[in-house]
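**Q** Residue numbers (our numbering): 81 to 717.
1) For the region 143-220, which segments carrying the alpha helix (DSSP H) assignment without a break, of at least 4 residues, lie completely within its bounds, in sequence order?
2) Per DSSP, which one or two residues make a beta bridge with residue 258?
3) Using DSSP bridges, identify the partner residues of residue 91.
4) Taking C-alpha atoms, which residue in 701, 620, 201 lies nearest to residue 662?
5) Quick one: Cα of residue 191 to Cα of residue 445, how far?
6) Measure from the alpha carbon of residue 295 to the alpha carbon of each residue in 276, 278, 263, then state which is nearest.
7) Between which two residues does the beta strand (DSSP E) holding residue 358 run?
8) For the structure I just gave you, are there three or more beta carbon pairs, one from the region 664-672 and one from the region 684-698, closer than 8 Å?
9) Using DSSP bridges, identify the partner residues of residue 666.
10) Let me make sure I understand the geometry here. Which of 476, 517, 466, 563 has the alpha-carbon closest to that of residue 540?
11) Report the rounded CA-to-CA distance for residue 405 versus residue 534, giving the unit in angstroms.
12) By the 10 Å Cβ neighbour count, where 16 or more other Cβ atoms means buried, how is residue 217 classified, buried or exposed?
13) If you count every other CB in all the chains shown that lies within 10 Å of the CB of residue 279, and 16 or more means buried, which is it?
14) I need the straight-line Cα distance from residue 531 to residue 477, nearest angstrom please.
15) Could you tell me if residue 416 is buried or exposed, where buried requires 16 or more neighbouring beta carbons within 10 angstroms of its beta carbon?
16) Using CA coordinates, which residue listed in 683, 150, 155, 186 is at the minimum distance from residue 102?
17) State the start and end residues of the unbroken alpha helix (DSSP H) segment that holds residue 482.
18) Alpha carbon to alpha carbon, what distance is there between residue 140 and residue 589?
19) Suppose the cutoff is 8 Å on Cβ atoms and the five residues either side in sequence are ignored; what does the same chain contact list for residue 171 look like?
20) Who pairs with residue 240 in a beta bridge, going by DSSP?
21) Per DSSP, what are the beta-bridge partners of residue 419 in this structure?
22) What's the C-alpha gap between residue 93 and residue 310?
23) Counting Cβ pairs, one atom from each stretch, are 3 or more of them under 8 Å apart for the region 230-242 and the region 258-276?
24) Take every Cβ of the region 191-209, pair it with every Cβ of the region 289-309, and state whether three or more of those distances are shorter than 8 Å.
25) Given residue 592, which residues of its chain have a CB within under 6 Å of its CB, disregarding the five upstream and five downstream residues?
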């Protein structure tokens, strides 16, 4: 009975032909507060639902003994506020049988998905408004394409993931291809490649909806067959999504087990030291037509690599499909075995993705978007970082250097790497300056433990054996380490030992690696907005004029868009809180300054009024700063 009462799902039990209610749980009572439900027939308790077809399902279930269900069922109910309220439910109705096997009633279970539906509908409306307002701007179309794709790929302890996307040259229009990688709650990782029919903003908008829906479904149920079955139902309600192809593969890093479905999509490529081979197609059809999705299985050994892709890499001009597939396998194997140039020492998964897209596109050109997602099962899982250091000034430098060396093989995006190093530096500095009373022996020293979880979340603990003292935020050069770190990371927790002796500060941050997105080979780079990987922030010391002294100059290059704005925000927080003297932000080399970037600059100026912006004449930043009335200098001098 307690399980029924405390079940988070909406639960209702009705008995007899008139379906009078004999039980509801707490969640159901909260949904309709003030209603007198027990002993009342279903049709009387919710008289306002007459004509909304839900009673028909309950009555049919009682009459036939067959279960019924509804997905995102819209209902207008009286929730006791005096006005009708619109809700959406996912629910199921099953027969309740007695000891003799006869049906005595029905059992209803549901989930209130109103918030999810409204959030999705609002997202769809935002996409439509954006398409209506900006359809004529080629650069904006490409920016929206980027927005529909994942901001980054997860960084995991046992799997390296790399992705590459090249837009088709013809028309430079946004497309409907996408890839994604999702770290699931059970430690497995879902790898996705999909292709919506068509090009342009319409295809991109549909792609965004399908991508979001599939991620939501996988986080709720990681079984690929179930996820694609639900995605197929969604596609049937969205005509533009019909005939979409998807390859969904779920990899278990602990065992190497792979479960995958190819819904009208080319099969995955498995690359091992013995050579490349294409896996069998699972045989399912495209989305939107009610096909049955049955998963196939395979196994990856340590060091093996899986490649999923869209058919743009197979349908290259003048190349037969069989030859195109052979080319893909050959180039992927060459990159996998080290025969492709890798001057930056990037992980093999990333190298395979970028090499296959770039080499094959360059060889023949492309008529459709090319998308490649690679995942390599590491030969040995990534080790934790464990440091034991004395609580002395030099330990701050040592900790930063050791953390940087530990992070380097992960090839993080700019924001993640910057935040981790800054946060560790701040927390170690706190221990060195404040954990131990002046003149007392710091025998306990400090400990740093960094661990990358199976969900792609980095957890870092900095611990000491000293005595806790409240931060002095009035101090000019201290007292802000914890508050600064808290603004940069996903979560931060401070735990004190008995009598305030010994403190452990733990922060978490979801790590990301930027995917490689580019224009088609041969298109001038200046016509295509660049993504986060083209964005960079550097900080240096520059002599000032006679009256203002030396200054720290933060130089920003590339596109400051919705993807890189967070990186800029964090860099400015670091510059204005950890440095002394005036800070100048040079925006002269910024290629795109979006509204997200403007918001970051405005907020930074409010927090640090002494901040100075520089934008050279006729630069993109200068035009935007004039438009939004943010003051700036025309040159550094």
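Where a beta carbon is used, it is the ideal one built from N, C-alpha and C, also for glycine.
**A** Quick answer:
1) Runs of the alpha helix (DSSP H) spanning 4 or more residues and lying entirely within the region 143-220 occur at 194-214, in chain order.
2) The residue labelled residue 258 in the question sits at position 178 within the chain shown. Beta-bridge pairing links residue 258 to 274.
3) Residue numbering aside, residue 91 sits at position 11 when the chain shown is read from its first letter. BP columns for residue 91 point to 189.
4) The count along the chain shown starts at 1 and reaches residue 662 at position 582. Check the Cα spacing between residue 662 and each of 701, 620, 201: the tightest is with 620.
5) Working through the chain shown from its first residue, we reach residue 191 at position 111. Working through the chain shown from its first residue, we reach residue 445 at position 365. Looking at the two C-alpha atoms, the distance is approximately 49 Å.
6) Mapped onto the chain shown, residue 295 falls at position 215. The shortest C-alpha separation from residue 295 is found at 263.
7) By one-based count along the chain shown, residue 358 stands at place 278. Looking at the DSSP string, the run of the beta strand (DSSP E) that includes residue 358 is 355-358.
8) The region 664-672 makes contact with the region 684-698, as at least three CB pairs between them are under 8 Å.
9) On the chain shown, residue 666 is found 586 positions in, with the first residue counted as 1. The partner list for residue 666 (beta bridge, DSSP) reads 635, 694.
10) Taking the first residue of the chain shown as position 1, residue 540 is located at position 460. Nearest Cα to residue 540 within the set 476, 517, 466, 563: 466.
11) Here residue 405 refers to the residue found at position 325 when the chain shown is read from its first residue. Here residue 534 refers to the residue found at position 454 when the chain shown is read from its first residue. Between the alpha carbons of residue 405 and residue 534 lies a gap of roughly 33 Å.
12) To locate residue 217, count along the chain shown from 1; it is residue 137. Because residue 217 sits at a pLDDT of 46, beneath the cut-off of 50, its placement in the model cannot be relied upon, and the following sentence gives the value as read from the coordinates. Burial check for residue 217: the Cβ neighbour count within 10 Å stays below 16, so the residue is exposed.
13) If you number the chain shown from 1, residue 279 lands on position 199. Here residue 279 is buried. Its C-beta has 16 or more other C-beta atoms within 10 Å.
14) Walking along the chain shown from the start, residue 531 turns up at place 451. Walking along the chain shown from the start, residue 477 turns up at place 397. Residue 531 and residue 477: Cα-Cα distance of roughly 20 Å.
15) By one-based count along the chain shown, residue 416 stands at place 336. Its Cβ being crowded by 16 or more others within 10 Å, residue 416 is buried.
16) As a first step, residue 102 must be located in the chain shown, where it is residue number 22. Ranking 683, 150, 155, 186 by Cα distance to residue 102 puts 186 first.
17) Walking along the chain shown from the start, residue 482 turns up at place 402. Counting along the chain, the alpha helix (DSSP H) containing residue 482 begins and ends at 474-487.
18) By 1-based counting over the chain shown, the position of residue 589 is 509. By 1-based counting over the chain shown, the position of residue 140 is 60. Counting only the Cα atoms, residue 140 lies some 50 Å from residue 589.
19) Counting from 1 along the chain shown, the entry for residue 171 is found at position 91. These residues qualify, in order along the chain: 90, 149, 150, 153, 188, 189, 190, 191.
20) The count along the chain shown starts at 1 and reaches residue 240 at position 160. Per DSSP, 456.
21) The residue given as residue 419 occupies position 339 in the chain shown. The partner list for residue 419 (beta bridge, DSSP) is empty, contrary to what the question assumes.
22) Looking up residue 93 in the chain shown gives position 13. Looking up residue 310 in the chain shown gives position 230. Answer to the nearest angstrom: the Cα atoms are 27 Å apart.
23) These segments touch.
24) The answer is yes - the region 289-309 touches the region 191-209, with three or more Cβ pairs under 8 Å.
25) Sequence index remark: in the chain shown, residue 592 carries index 512 (1-based). Answer for residue 592: 232, 493, 496, listed in chain order.
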